[in-house]
Amino acid sequence: MRSSSQQWMALSGLLFAVAVHAQTAGELELRNRFDDPFFQISNDLADCPEPLGPRITATELRAQEHHRVERGTSCWLAGQCSRHNSYLYDQDIAKAFKSAWTQRSPVSQTTLWMTVQARVVYLEGCISAPEQARVLEQFAQGIQDVQLGVAAVFQPASGTPPYKLWPSARR
């Protein structure tokens, strides 16, 4: 029979192992940790794989924090932004983009997701014609306060996604 101190040590070891496992699971969980605007804007083409978007692990968050602080404030320091951080524009850009898209979607037959990070609009997903990529970038750049529009898109029948995939979307 074990002594109470041995039982206590065994229980402590088990609790430590459970805590370490829970912390590790949380570290590896993919989440939108910076709360960047990210949403689907169209869903016309079936079987278009969902992008990973701004979802990252806790380890990636720590690796990106310093870069994001520098990137966010450099716009203001250079006199290119009236707000002290370029990420402060992102929610307003997302709202303006949604509104403009609802009023006058520039393309059809697409399945697209949008992410906004530091005044850059990223469009990821599937298009039905190659020229739609350029149209999407121009549309994004026409939204107030957008610095750049980037279309990472592809035609499903003739290519592979040019973006990282959400794990459930991997082919």
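In this note's numbering, each residue carries its 1-based index in the sequence shown increased by 30.
We put the CB at the ideal spot given by N, CA and C, even for glycine.
Computed from a prediction, not measured in an experiment: that's the story for all the values here.
Count the other CB atoms within 10 Å of the CB of F68; is the residue buried (16 or more) or exposed (fewer)?
Burial call: buried.
Less than 8 Å between the C-beta atoms of R149 and V176, yes or no?
In this structure, V176 lies closer than 8 Å to R149 by Cβ.
Who are the Cβ neighbours of A130 in its own chain at under 7 Å, not counting the five residues just before and after it?
If we look at A130 and ignore the five residues flanking it on each side, its Cβ neighbours are I173.
Quick check on the burial criterion: 16 or more other C-beta atoms within 10 angstroms. Buried or exposed for A159?
So A159 ends up on the exposed side.
Which whole-angstrom value is the C-beta distance of V183 and L166, which I expect to be below 8 Å?
Confirmed, Cβ separation roughly 7 Å.
Scan the segment 86-118 and note each continuous alpha helix (DSSP H) run of 4 residues or more that stays entirely inside, going in chain order.
The qualifying runs are 88-107.
Could you say which of R63, S198 and D77 lies nearest to L142 if we only look at CA atoms?
The candidate whose alpha carbon is nearest that of L142 is D77.
Which class does Q70 belong to by DSSP, given the choice of helix, strand or coil?
Correct three-state label for Q70: strand.
Please state the DSSP three-state secondary structure of A181.
It is a strand residue.
Short of 6 Å in beta carbon distance, which residues of its chain neighbour R101, apart from the five on each side in sequence? Order them along the chain.
Around R101: A148.
Distance check for G56 and V180, CA to CA, integer angstroms please.
Distance between the alpha carbons of V180 and G56 is about 31 Å.
Determine the closest residue to L118 out of P186, G189 and F64, with distance taken between C-alpha atoms.
That would be F64, whose Cα lies nearest to the Cα of L118.
Within the same chain, show all residues whose beta-carbon is closer than 6 Å to that of S116, passing over the 5 residues directly before and after it, in chain order.
Within the same chain, S116 has close Cβ partners G102, C105, A148 and R149.
Grab me the residues of Q171's own chain with a C-beta within less than 6 Å of its C-beta, minus the 5 sequence neighbours each way, in chain order.
Within the same chain, Q171 has close Cβ partners G179.
Taking only the alpha-carbon atoms, compute the straight-line gap between P186 and P79 and give it to the nearest angstrom.
About 9 Å.
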